[in-house]
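Residues in the sequence shown are numbered from 1 upward in steps of one, following the numbering used here.
Just so it is clear, CB atoms sit at the ideal spot from N, CA and C, and this is done for glycine as well.
Given the structure is predicted, the values throughout are model-derived calculations rather than measurements.
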Amino acid sequence: MSDKRPILFFDSGVGGLSVLGPTRALLPQAPFVYAADSAGFPYGTKSEAEIAVRVPALLGRLAERYRPRLIVIACNTASTIALADVRAALDVPVVGTVPAIKPAAEVSATRVIGVLGTDATVRQPYVDDLAARFAGDCLVLRHGSAELVALAEAKLHGRATDPTRYAAILQGLFGQEGGMRIDTIVNACTHFPLVVDELKAAAPGIRFVDGSAGIARRIAYLVGDQDWPSAAGIGRAVFTRADAASEALVPALATFGLDRIEAL
Ligand code: DGL
């Protein structure tokens, strides 16, 4: 009997698509639900307390409605703050998304790494811990940018973005003491791989690293040998607020196999 239970992806907005993309490539038969908390967006400027209450409650509702086989919190902000609480509250395996500091430390030649995330993510003790465990011999500089999240959203909504803004945002890393020696930047927000070409154009020679491919492999490892529907998996997007803005995402969502749109 084919098992129709989906894999549920969760983010504040479109960022989790950067994890969904490589996951679909590994699991073409899998049904996906992509949930965006558009009513709560953005997360990066919220307090820890707000995220810690909002994310487990929403995931509880989503799990009840869609009965997923696995949940992916495809958001660094939500994962670094609420992953443990969500795991404790739900009886479903949960995969989180945390800054790819370890792979960055493995490749940095200058031993100076930039971590680009949301304001909420870069101040988390979780990031201190990753830096201490995996990049103890590196200088790890951090910068939070709500503007870069907004630029990634604008791009996926089909709006042109100002190319000069990317260099200005990266200056938040390069302008810190030791920042000119950065050779590797961790895209520690799932929105940022969606604008990695723009970031690379603004910082030639810098290597950008993110966790998407590794998370996709982890998901495939956890569920790859399960039973799947025989036809290619269907995808639906669910928004906590469906409005003109979510409608504008329809073409971008379709490129990720998300053909049905609904409101929570
Ligand atoms: N995509 C999210 C992350 O990975 C958060 C973006 C936001 O809502 O501020 O952190």
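Notebook entry, point to check: Any chance the segment 98-115 sits against the segment 176-193, with 3 or more Cβ pairs inside 8 Å?
Noted result: Flag = yes, the segment 98-115 and the segment 176-193 touch.
- Item | Proximity winner among Ile215, Asp243, Leu194 and Asp128, relative to Phe9 (alpha-carbon distances) | Residue mapping note: residue 9 aligns to position 9 of the sequence shown, counting from 1. Per the Cα distances, Ile215.
Quiz item: What is the rounded straight-line gap between the Cα of Glu106 and the Cα of Asp137?
Solution: Walking along the sequence shown from the start, residue 106 turns up at place 106. Walking along the sequence shown from the start, residue 137 turns up at place 137. Glu106 and Asp137: Cα-Cα distance of roughly 11 Å.
*DSSP three-state assignment for Arg181, whether helix, strand or coil*: Along the sequence shown, one-based indexing puts residue 181 at 181. Annotated three-state conformation of Arg181 is helix, per DSSP.
For Ala104, which residues of its own chain have a beta-carbon under 6 Å away from its beta-carbon, when the five flanking residues on both sides are left out?
On the sequence shown, position 104 is the one that residue 104 refers to. Around Ala104: Ile113, Thr184, Val186 and Val209.
Exercise. Three-state secondary structure (DSSP) at Ile234?
Worked result: On the sequence shown, position 234 is the one that residue 234 refers to. Three-state result, Ile234: coil.
message = I need the straight-line Cα distance from Val53 to Ala25, nearest angstrom please.
response = Within the sequence shown, numbered from 1, the residue matching residue 53 stands at position 53. Within the sequence shown, numbered from 1, the residue matching residue 25 stands at position 25. Spanning the two alpha carbons is a distance of roughly 33 Å.
Q) Which runs of the beta strand (DSSP E), 3 residues or longer, sit entirely within the segment 56-139? A) Listed in chain order, the complete beta strand (DSSP E) runs (minimum 3 residues) inside the segment 56-139 are 70-73 and 112-117.
_Within a Cβ cutoff of 6 Å, which residues of the same chain sit near Gly16, ignoring the five residues on either side of it in sequence?_
For the purposes of this step, residue 16 is taken as residue 16 along the sequence shown, with counting starting at 1. Cβ neighbours of Gly16 within its own chain (closer than 6 Å, five residues either side excluded): Phe9, Ala74 and Thr190.
### Message
By the three-class DSSP mapping on this structure, what secondary structure does Asp197 have?
### Response
As a first step, residue 197 must be located in the sequence shown, where it is residue number 197. It is helical.
request  = Inspect the beta-carbon positions of Ala146 and Gly44 and report whether they are closer than 8 Å.
outcome  = Working through the sequence shown from its first residue, we reach residue 146 at position 146. Working through the sequence shown from its first residue, we reach residue 44 at position 44. The answer is yes: Cβ separation under 8 Å.
Check: Which of helix, strand or coil does DSSP assign to Gly211?
Finding: By 1-based counting over the sequence shown, the position of residue 211 is 211. Correct three-state label for Gly211: coil.
(message) My assumption, with CB atoms under 8 Å, is that Ala120 sits in contact with Ile51. Please give the rounded CB distance.
(response) Walking along the sequence shown from the start, residue 120 turns up at place 120. Walking along the sequence shown from the start, residue 51 turns up at place 51. With a beta-carbon spacing of about 7 Å, Ala120 and Ile51 fall inside the 8 Å limit used to define contacts.
| Run through DSSP, which three-state label would Leu27 get? | On the sequence shown, residue 27 is found 27 positions in, with the first residue counted as 1. DSSP places Leu27 in coil when its eight states are reduced to three.
Open item on the list: Once DSSP output is grouped into helix, strand and coil, what is the label at Arg142?
Closed with: What you label residue 142 is simply residue 142 of the sequence shown in a count that begins at 1. Looking at Arg142 - three-state DSSP - the assignment turns out to be strand.
For this session: Taking only the alpha-carbon atoms, compute the straight-line gap between Pro31 and Val223 and give it to the nearest angstrom.
Result: Here residue 31 is taken as the residue at index 31 of the sequence shown, counted from 1. Here residue 223 is taken as the residue at index 223 of the sequence shown, counted from 1. Inter-residue distance for Pro31 and Val223 is about 12 Å (C-alpha atoms, whole angstroms).
Where do the ends of the beta strand (DSSP E) carrying Ala242 lie?
-> Translated into positions along the sequence shown, residue 242 becomes position 242. Here Ala242 belongs to no beta strand (DSSP E), and DSSP marks it neither H nor E.
Going by the CB atoms, is the gap between Ala231 and Pro28 shorter than 8 Å? Against the sequence shown, residue 28 aligns to sequence position 28. Against the sequence shown, residue 231 aligns to sequence position 231. Going by C-beta atoms, Pro28 is not nearer than 8 Å to Ala231.
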